[in-house]
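Each remark here refers to the structure printed beneath this line.
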Amino acid sequence: MLVIAECRWEEATNVRKEMRDIGIKKNVGYSWVAVKNKVHVFQAKDSSHEMNSAIQAMLAKLRGEMKKAGYVPDTNLSLFDLEEEEKASEVWYHSEKIALAFGLIALPSGVPIRITKNLRICGDCHSAIKFISKIVGREIIVRDNNRFHRFVDGWCSCKDYWDLAADVPSTCVAILHRCLVRVFTWRSLTVRDSGSAG
Numbered sequence: 001m002l003v004i005a006e007c008r009w010e011e012a013t014n015v016r017k018e019m020r021d022i023g024i025k026k027n028v029g030y031s032w033v034a035v036k037n038k039v040h041v042f043q044a045k046d047s048s049h050e051m052n053s054a055i056q057a058m059l060a061k062l063r064g065e066m067k068k069a070g071y072v073p074d075t076n077l078s079l080f081d082l083e084e085e086e087k088a089s090e091v092w093y094h095s096e097k098i099a100l101a102f103g104l105i106a107l108p109s110g111v112p113i114r115i116t117k118n119l120r121i122c123g124d125c126h127s128a129i130k131f132i133s134k135i136v137g138r139e140i141i142v143r144d145n146n147r148f149h150r151f152v153d154g155w156c157s158c159k160d161y162w163d164l165a166a167d168v169p170s171t172c173v174a175i176l177h178r179c180l181v182r183v184f185t186w187r188s189l190t191v192r193d194s195g196s197a198g
């Protein structure tokens with residue numbers, strides 16, 4: 001969100017409230033991986049999977065190896081006003097990273113890991129998965145709601161399209177905010193006009 005990217009936290013909170021007030025809901029992000037004909041579904045900060053302790057251990061291992069390789073989390077993508085360390089933790093537990101950690105545990109070495117996501121992959125996850133593909137030497141395919149991303153040896157088939165189009169979601173939020181302002185203006189005019197017509 002544009003207002004979040006610019007750290008305008010109070011305005012971001014107001015936009016969220018306006019959206020809730022008129023019934024606009026943000027879709028929950030899910031990622032899933034199929035292993036042995038069973039689909040395993042994850043959401044952000046998910047700890048409900050039966051293999052959660054192994055998944056968390058894999059995430060911790062990856063995080064350490066990625067840090068050594070130069071990975072720095074993109075905390076600008078954290079949607080809340082948090083301390084820097086909390087923001088790094090917030091983006092670390094996105095559903096696609098959890099699904100990937102599970103795939104690394106559950107799928108045999110050499111088998112590509114295929115993750116499907118119902119929303120667009122965030123920039124931090126895109127960057128993280130590039131690092132992970134190089135560190136673990138695995139092909140990782142992420143199908144988000146926009147395109148296929150094939151990660152191999154630290155590169156993505158989209159040629160970092162995500163980074164080139166990063167301002168598109170911000171533009172959409174700015175347009176949504178203008179629409180909300182118009183809706184509220186129209187509602188207040190309608191209420192005022194109906195009150196005076198009586």
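Numbering (UniProt numbering), first residue to last: 1 to 198.
Idealized CB from N, CA, C, for every residue including glycine.
Can you tell me which of the three DSSP states residue i falls into?
i	result
Cys156	strand
residue 199	What the structure shows of the chain is the stretch from 1 to 198, and residue 199 is not part of that stretch, so it cannot be assessed.
Arg147	coil
Tyr30	strand
Judging by CA-CA distance, which residue of the options is the nearest neighbour of residue i?
i	options	result
Ile55	Gly137, Ser95, Lys25	Ser95
Lys134	Ser31, Pro108, Gly70	Gly70
Asn37	Glu139, Arg114, Arg143, Lys130	Arg114
Gly154	Lys117, Gly137, Pro112	Gly137
Going by other Cβ atoms of all chains shown within 10 Å of its Cβ, with 16 needed for buried, is residue i buried or exposed?
i	result
Pro73	buried
Ser109	exposed
Phe42	buried
If you draw a straight line from the alpha carbon of residue i to that of residue j, how long is it in whole angstroms?
i	j	result
Cys158	Leu104	22 Å
Ile121	Val28	13 Å
Asn145	Tyr30	11 Å
Phe151	Glu18	38 Å
Leu119	Asp21	23 Å
Leu107	Ile140	12 Å
Skipping 5 residues on each side, what residues in its chain have a beta carbon closer than 8 Å to that of residue i?
i	result
Arg63	Trp92
Val39	Trp32, Val33
Identify, in the order they occur along the chain, each residue of the same chain with its Cβ nearer than 7 Å to the Cβ of residue i, setting aside the five sequence neighbours on each side.
i	result
Met51	Phe102, Ile105
Met58	Ala101, Leu104, Ile105
Cys125	His94, Glu96, Lys97
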